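Each residue of the sequence shown is one higher than the last, beginning at 127 in this note's numbering. Yeah, the Cβ is synthetic: ideal placement off N, Cα and C, and Gly gets one too. Nothing here was measured: the structure is a model prediction, and the numbers come from that model. Below is one structure, written out as structure tokens; comments come after it.
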Amino acid sequence: MVVIVRAVVADVTAYNVGLFIHVLAVVLAFGPTFGYGIFIGFAETKAPNAVPAVLKAVNLTNRYLVTLAMVVVLAAGFYLLAEGDISASESWVQVGFVAIAILFGLVGGFFVPRTRKAIELAERDLTAGGGELSHEYRKVSAQMARVGQLAGLIVAVTIFFMVVKP
């Protein structure tokens, strides 16, 4: 057993650790986002009073997990590019950099302000009574859902390029 552990540890390189950090950061950054639509949709249809709390959890996750992990994805990507036998002109590298730039823009420029707006609208609607979410709220929620699907597609296509390396 000790011999096996030593052999495995001996084969671990700084590049492999960087690659592990890169992949782990991708999982942490984007994994939770694939559940947002399910959580929000469930709250909207089954527990409207929970919508503000779910949206606040999404906002918190975006701020402290998604964004920070995206920074690690980018930093680890630069490390892998610098230390590996990789050219920045490779299509899969360029797709990765374009994707992370778009995703940073979407998080900061669209999702954060839209989620804040959705929280305000949901709280306003639920405070007004009746437990109904307004058309205005539903419009913002639908926008977030559509752009969320686009962001998910960007993540999936980027993972494809990173794995297949066409």
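With 16 or more other CB atoms across the displayed protein chains lying within 10 angstroms of its CB, H148 is buried. Within the same chain, Cβ atoms closer than 8 Å to the Cβ of K243 are found at V266, the five residues on either side in sequence being excluded. Within the model, the alpha-carbon separation for E262 versus D251 is close to 10 Å. Under the DSSP assignment, N185 falls in the alpha helix (DSSP H) whose first and last residues are 177-187. The alpha carbon of A195 has as its nearest neighbour, out of V177, F230, A248, the alpha carbon of F230. Taking 8 Å as the cut-off, the Cβ atoms of P292 and S213 do not count as close.
The alpha carbon of L186 has as its nearest neighbour, out of T159, F204, I228, the alpha carbon of T159. Distance check between Y141 and each of G222, Y205, G255 places Y205 closest, using alpha-carbon atoms only.
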